[in-house]
Amino acid sequence: MDKSWIGKPQTSNEYLLGLDKFLDFAFRNGAIEDTIRCPCPICQFSKWKTRVEVQDHLICKPFPHNYVTWNIHSEKKVLESSGDRAATQGTFHLENPIETMINDAFG
C-alpha cells in the first residue's frame, strides 16, 4: 500500500485520499466495536476513537511520519531477515505497564 501521503500537507488531496484508505484498512482489520486506536500525536495510540474522531484528529494533527508499518492496526509485514533493521523501522510496539512491572520485579 502506498504511504507517500503521510508526508504530504494535511489539506492536500493526496493526504486526504491516503487518510481515507488508512481508515478503511484500520477499521476493516483492527477495529473493536467500531473504534480503533487513534495514532494522532495527542492520543498516541492510547485512546480508542470512532472513524469520524480519528479522521478529525488526523486532519488537525499530523499522521505520525514514522508509523509506516501499521502493526497496531493489524498490518503484518514479512521481514526478509530477522536482523533487517530497515524492515522494522516504523513499527510501533505497545507495552503493557503491568507486564513490565511484573517483569521488573520478578525478572
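UniProt numbering numbers the first residue of the sequence shown as 1 and each following residue consecutively. Every residue gets a Cβ at the ideal spot worked out from N, C-alpha and C, and that includes glycine.
Is residue j closer than 8 Å to residue i when the C-beta atoms are compared?
| i | j | result |
| --- | --- | --- |
| residue 23 | residue 54 | yes |
What distance in whole Å lies between the Cβ atoms of residue j and residue i, which are believed to be in contact at a cut-off of 8 Å?
| i | j | result |
| --- | --- | --- |
| residue 49 | residue 60 | That pair is no contact at about 13 Å. |
Can you list, in chain order, the residues of its chain whose CB lies under 8 Å from that of residue i, leaving out five sequence neighbours each side?
| i | result |
| --- | --- |
| residue 57 | 38, 40, 42, 43 and 49 |
| residue 135 | This structure cannot speak to residue 135, because the chain is shown only from 1 to 107. |
| residue 47 | 37 and 38 |
| residue 65 | 6 and 7 |
Between residue i and the rest of its own chain, which residues show a CB-CB distance below 7 Å, the 5 nearest in sequence each way excluded?
| i | result |
| --- | --- |
| residue 8 | 14 and 15 |
| residue 51 | 23 and 27 |
| residue 11 | none |
| residue 34 | 50 |
Please list, in chain order, all residues of the same chain as residue i whose beta carbon is under 6 Å from its beta carbon, the five residues on each side excluded.
| i | result |
| --- | --- |
| residue 63 | 6 |
| residue 84 | In this prediction, residue 84 scores a pLDDT of 44, lower than 50, which makes its location untrustworthy; no coordinate-derived value is stated. |
| residue 20 | none |
Please check if any C-beta of chain D sits within less than 8 Å of the C-beta of residue i.
| i | result |
| --- | --- |
| residue 43 | Although the question refers to chain D, the structure presented lacks it and comprises just one protein chain. |
Item to check | Completely contained alpha helix (DSSP H) runs for the UniProt domain "Transposase-associated" (3-75), where each covers 4 or more residues | outcome: 13-29 and 51-60
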